[in-house]
Structures are given as C-alpha cells and as structure tokens.
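Chemist: Handing you a structure now.
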Amino acid sequence: MLNNDFISVYETTNILYSQFRRILSHNYILLFTILFIISSETAPAELPALGSVRPVESRNGMVVSQHSLATHAGVEVLRGGGNAVDAAVTAGFVLAVTLPSAGNLGGGGFMMVHLANSHETIAIDYREKAPLSASQNMFLDKDGSIISGKSTYSYQSSGVPGTVAGLALALRKYGTISLSRALKPAIEYAEKGFIVDEYLHDSLIAVKKEMEKCPASISIFFKDGGAPYEVGDRIVQKDLAWSLKEIAGKGSQSFYTGSIAKKIVADMAANDGLITMKDLAAYQPVIRKPIHGTYRGYDIFSMPPPSSGGVHLVQILNLLETFPVDSLGHNTPETIHLMAECMKFAYADRSRHLGDPDFVKVTSAGLTSKKYADELRKKISLKTITPSVEILPGNPGGYESDQTTHFSVMDKYGNAVSNTFTLNFSYGSCITAAGTGILMNDEMDDFSSKSGVPNAYGLINEGSNSIEPGKRMLSCMTPAIILKNGKVYMITGSPGGSKIITTTLQVILNVLDHKMNLADATNAARIHHQWMPDVLYVEKGIDAVTLRRLMGSGYKIETQGYMGCTQSIMRMGRI
C-alpha cells in the first residue's frame, strides 16, 4: 500500500514552455495550476525558489500527463476507487481529444504496467502495422530515390492504428471499470468542446499548410474561412464524439470491423490509401515480456522491440554502471563525454539489430547483457572521442525471438502505468478520416524507406526495419518503470523522436546518480548523440566553459532549445 508514502511528480511540457528553466516565478504558478491536478491529501504547494523547483506530492496516487483535462479525468477515476490502468486508459482517451497533435485514436504506442499484487511487470505493444499491400520500395521513385513527403503527408503514410485496441486490451485484462466509463470524459470534451490554449493555437497554425490538403481536417481544426482558433475559444469535435460513442457502445471492434472501420476504409480507398477492412480486422495488440536490466541496485523495466527504447536504455545504463558518474558530477565535460560515447555505441547497434521481432531476429538479450557492455566499454576512453565513422554495429549475440506524448500513473495500491503513444509527426499525416474526426498517423516513415538513408529524425537503419506487409515499424518510445526492493520507485517516459531514449536516460541518471529531486532532474539541461550524424546536441543551459572544453576535445556541438517532455512520478519514503 502507498498510503504511508509520499509520491512526488514532475512534468515539464517543454513544447509549451520551452524557456521554463529560465522563466520568472509567476509562470511557475501557471505550470502548477494547469498541469497538475492530483488526488486528495496533497502536500501544500509552495512557490519554489528560482533554480530549485519543488515537486508536487500526494499520498493516494497520482496522474501526470501533457494536458490538465486528461490528468483531471484520470485523477477522478482514482478518487472513485479505480486503479492505475483505469486512470491511464481514461487519460489516454481524453488526450485523443484535447492534445490532437499527439494524443490519438489513429496512432499507436506502448504501455508498461506493474501489478503490485502479483509483482508482475507487463509490456503491451499496440504499435501500428504496415498495411498488407505495403511494399519495401513504396516510397521510392523509378530511380530509387525517396519521394519527398510521401512517407509523411500522404494517405499511404499511415500504418494500421493500434491505440483503440491497445487501450481496450489493457482495461479488459488489468482494469476494473468499463470501457464506456473510461470514454465518458473524452466524449464530453469532444461533444461539448474545451478551451483552446496557447499550445493548441500555435501548433495548429504550424501545420495549417499540410492540413489544407485535407478538407476534413480544416473543417475541424480551423474556423469557417480557415481562420485559426484563438486562445480562449472553444473547439468542438462532433465527428470525433461520434467515433468515441461508437467505441463506448459497441466496443473496440467498432473501430476495427464496424462503422468506424468502414468510414476509415472508404476515405482511404478514395485517396489511394492502403488500409483496408482486412487490415483493420486483422490488427491485434501483443502482450510482450518487458526488457529488464539492473543499475546500481535498481530494476529497470521498459519496452521490448519493436521499440528500441528499452533495449538501448538498458544498454547505455550497463555501459555507464562501472564509471563514477556521480563523483564526476552532473553535466561536467567528463560526464557528458561518457554519456555521448555510450549513446553512440547504442545507436550504432540500433541501426542494424533492431526491428519487429515477429519478422526479424532481435538481439535483445545480447544487447542488454552486462558481458556485451564489458566488451564495448573497452572501446571507450575517458580522455578521447571515438569518431562515429569508427563505430560499427557490434556483435552482441544472444538472438531471441517529434510529436509523441507520455503519461504516468501510480495508484494507492502500488500499481503503475507508464505509457507512450504517438501519431509520429505533429498531428500525424494531418489527414482526418472523413466522418470520424480521427487524425491518422504517418508512422510508415519510421520504417527504413531505403537502407542506409536517414528518416525524418535522422535515424539510419539497415534491412531489419525495412517495409514489409503486416510488420510493426521500429520505435524509440521508452516508457520505463524502475523498481527498488520489488516496489515501484519511479515511472518516466518522454516524447521526442530519436531523443526519447536519451531524454528518459538522463532523468533516470539525474535521480539515481546525481540525487536530484524529480523536479530538478526533469528541468536539468540535456544532451543527445545518436551516432549519425556525428553531432553532440545540447540544450540551452549547459555552461559555456563546459561547451568550450567539449569543442576543444573535438565535439561538433549544436545547441537546441529543448529535448523531450518528460512526465514522471517518483515514490518517496522507505521502500
């Protein structure tokens, strides 16, 4: 039971508040009031001093998401006696309404569930699949060159969605409330509307050009005449409300074989799309064995392939474990160098060894073994940089069969959910299936359209992630649950495309190695290296002396405003 322990939470919506780490105190009030709605017996909220932010605390469970209405809906489920899965599914459906850039019915994702009573940790894979008529070279022209935009902003860019099936499966197996109850707040916000905030206003303006290619999208997300919704306006999504009611009344099969499926398929057929009734009817989410590793006495659980997130999170932690990261200090040149070197080796391995385990042999056991980490570590020097061109994918052995959103939930019983789902790009393909209100994903770009050629996130992959009918595309999503002495200690995850793995990694390191509270761990400036291109990306906030030393060592550095957008919960007190 968690009743005698505090849980602390911190989440930064960097997309909305990219300058949060450097903002004035009055904006902290805005952040707390908009993003955190938690269960009863909450610790008093005090304004933090600049430079150190106090996490929010609660005794009876917590929900943290990227939109306050989704958080509130999840909390109400907990208050009513529901468990973490009930709250997570409810929040997930609300995000499909209130955060249309990433929350979704027309996409897919991954859910980690920890069950306190049975001490089990489960991975639910509801990643999208390639349609049965997809082909390896479908995004190449007659000369073998990639056709610009076809894998991202066309009807053919959509994989078969998994979100509805995945959330319904989680609720059916591990929840306690009905699907109609879980959908109730989402239906209300779609039917009656909700107030447009600054992020929704700005993000819609950013994708208007792409949405103009789809009349159904423009009619929903812009006013008559194409004017943008202003901050404070109410946006209503009647077609989406209809779809949600269909799912509430007829179950998830309405999306895959019923009235919703028919509308999706009709729209696809009218626009050279690939998804058919056969594709939708055949879709099934999969319960998989999670990736498990250890780091300094903690148990790390995360998603297995077709996500690369769990494999490479554990791989990088294995590499770092024997280095004195804590005594080297947070974001010192030495620590950043070590993290960057370990990241390069992991992303090099990602390019060759990761894919859908139902189609290719995946070396998860080898990649996450301490023995393999010991071999790679011999190639890492504390004093010199290994150029990316000199790093090749390793031979781990042990074969075995930027717009995403994450939310985390913990209940008073000790159950936990860590969930990441996505449409891929912001608003996916920007195409709404006519009559449904459902934005479709553009996840086909996460396949390797051409071996050795980077995708939209700059990630390179060889044949293991090539397009095949019915195959799930590789992902970086890294929902993570950390246990201490068999009990949930921390839940975290992030959006961020190729930077998801490294963002999640650094929040964990900041807590476990650098002993930061969850707020400071989240707000600390982050770095990222993905092997190719050979660039060290850094957030604003890394001090100038450190950057000069890194550049003097030979790093090519590119500064960015923010990386990722973590939603985390941490259990406090004795465990």
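Heads up: the sequence shown is residues 472 to 1046, going by the numbering used here.
Heads up, the beta-carbon is just placed ideally off N, CA and C, and yes, glycines get one too.
Take the Cβ of L790 as the centre, count every other Cβ of all protein chains shown within 10 Å, and call the residue buried at 16 or more, exposed below.
Modeler: When all chains shown are included, L790 counts as buried.
Chemist: Contact defined as beta carbons within less than 8 Å: I believe L838 pairs with P867. What is the distance between those atoms, to the nearest angstrom?
Modeler: Between P867 and L838 the Cβ distance is about 5 Å, and since that is below 8 Å, they are a contact.
Chemist: Ignoring anything shorter than 4 residues or poking outside the segment 836-890, list the alpha helix (DSSP H) runs there in chain order.
Modeler: Segments of the alpha helix (DSSP H) lying fully in the segment 836-890: 841-848.
Chemist: Can you list, in chain order, the residues of its chain whose CB lies under 7 Å from that of D476, leaving out five sequence neighbours each side?
Modeler: Any reading at D476 needs caution, since the residue's pLDDT is 42, under 50, leaving its predicted position unreliable; the model's value is listed next. Contacts found: R1042, M1043, G1044.
Chemist: Find out if the Cβ-Cβ distance for the pair L754, V631 is shorter than 7 Å.
Modeler: Sequence inspection shows Tyr at residue 754; the Leu mentioned does not correspond to that position. In contact: Y754 and V631 (Cβ atoms closer than 7 Å).
Chemist: Based on Cα-Cα distance, which residue from G941, A990, V924 lies nearest to P1004?
Modeler: Nearest option by C-alpha distance: V924.
Chemist: Under 8 Å by Cβ, that's how I've got P571 and Y1008 pegged, so tell me the actual separation to the nearest angstrom.
Modeler: So it is not a contact: roughly 28 Å between Cβ atoms.
Chemist: With DSSP as the reference, label I807 as helix, strand or coil.
Modeler: In the structure shown, I807 sits in a helix (DSSP, three-state: H, G or I).
Chemist: Measure from the alpha carbon of G934 to the alpha carbon of each residue in F830, I735, G703, then state which is nearest.
Modeler: With distances taken between Cα atoms, G934 lies closest to F830.
Chemist: Quick check on V978: does DSSP put it in helix, strand or coil?
Modeler: Three-state DSSP puts V978 in a helix.
Chemist: Any heavy atom of the ligand GDP closer than 6 Å to the Cβ of A737?
Modeler: The model depicted lacks the ligand GDP and carries no ligand whatsoever.
Chemist: For S965 versus T973, is the C-beta spacing smaller than 7 Å?
Modeler: No.
Chemist: Is the number of C-beta pairs between the segment 976-994 and the segment 956-965 that are closer than 8 Å three or more?
Modeler: These segments touch.
Chemist: Which stretch, first to last residue, makes up the beta strand (DSSP E) that contains T592?
Modeler: T592 -> beta strand (DSSP E) spans 591-597.
Chemist: Which two residues bound the contiguous alpha helix (DSSP H) that contains S714?
Modeler: 709-721 is the extent of the alpha helix (DSSP H) around S714.
Chemist: Assign H590 to buried or exposed, taking buried as 16 or more other Cβ atoms, counted over all protein chains shown, within 10 Å of its Cβ.
Modeler: The residue is exposed, with fewer than 16 neighbouring Cβ atoms inside 10 Å.
Chemist: Return the bridge partner residues of D770 from the DSSP annotation.
Modeler: T765, L954, per the DSSP bridge assignment.
Chemist: Go ahead and pull the three-state DSSP assignment for V796.
Modeler: V796 falls in the helix class under three-state DSSP.
Chemist: Can at least three beta-carbon pairs, one atom from the segment 535-555 and one from the segment 623-643, be found at a separation below 8 Å?
Modeler: No, the segment 535-555 does not touch the segment 623-643.
Chemist: Apart from the five residues on each side of it in sequence, which residues of its chain come closer than 6 Å, Cβ to Cβ, to S937?
Modeler: Contacts found: Q607, S919.
Chemist: Using the Cα positions of S852 and H585, report the straight-line distance between them to the nearest angstrom.
Modeler: Each residue's alpha carbon lies about 38 Å from the other.
Chemist: Taking the alpha carbon of E547 as the reference point, which residue from I691, V757, T569, I648 has its own alpha carbon closest?
Modeler: Checking every option, the nearest Cα to that of E547 belongs to I648.
Chemist: Thinking C-beta only, is P795 closer than 7 Å to R1020?
Modeler: No, the Cβ-Cβ distance between R1020 and P795 is not below 7 Å.
Chemist: Rounded C-beta distance between L1056 and G826? I'm assuming under 8 Å.
Modeler: It is not possible to answer for residue 1056, since the shown part of the chain is limited to 472 through 1046.
Chemist: Which same chain residues end up closer than 7 Å to D1075 when comparing Cβ atoms and leaving out the 5 residues on each side of it in sequence?
Modeler: As shown, the chain starts at 472 and ends at 1046. That puts residue 1075 outside it, with no answer to give.
Chemist: Quick one: what's got a C-beta closer than 6 Å to R759's C-beta in the same chain, skipping five residues either side?
Modeler: Cβ within range, chain order: A594, D596, P775.
Chemist: Does the Cβ of R767 have 16 or more other Cβ atoms within 10 Å, making it buried, or fewer, making it exposed?
Modeler: So R767 counts as exposed.
Chemist: Is I952 near F772, with beta carbons less than 7 Å apart?
Modeler: A contact, by the Cβ cut-off of 7 Å.
Chemist: Look at the alpha carbon of A587 and the alpha carbon of L954, and state the distance between them as a whole number of angstroms.
Modeler: Between A587 and L954, the C-alpha separation is close to 11 Å.
Chemist: Can you tell me where the beta strand (DSSP E) holding H801 begins and where it ends?
Modeler: Looking at the DSSP string, H801 is not in any beta strand (DSSP E), and its letter there is neither H nor E.
Chemist: Between which two residues does the beta strand (DSSP E) holding M739 run?
Modeler: Note, M739: premise wrong, no beta strand (DSSP E); alpha helix (DSSP H) at 730-741.
Chemist: According to DSSP, simplified to helix, strand and coil, what is H672?
Modeler: Helix at H672.
Chemist: Comparing alpha-carbon positions, which option in A1015, M915, L799, G906 lies nearest G578?
Modeler: Among A1015, M915, L799, G906, the Cα nearest to that of G578 belongs to M915.
Chemist: For the putative contact between A677 and V568, defined by C-beta atoms under 8 Å, what is the C-beta separation to the nearest angstrom?
Modeler: Actually they are not in contact, since the Cβ atoms of A677 and V568 sit about 20 Å apart, beyond 8 Å.
Chemist: Suppose only complete runs of 4+ residues qualify. What are the alpha helix (DSSP H) ranges in the segment 603-678, listed by chain order?
Modeler: Entirely contained in the segment 603-678, the alpha helix (DSSP H) runs reaching 4 residues are, in chain order, 634-645, 650-663.
Chemist: For S619, would you say it is in contact with chain D, using Cβ-to-Cβ distances shorter than 7 Å as the test?
Modeler: Absent from the structure: chain D. Only one protein chain is present.
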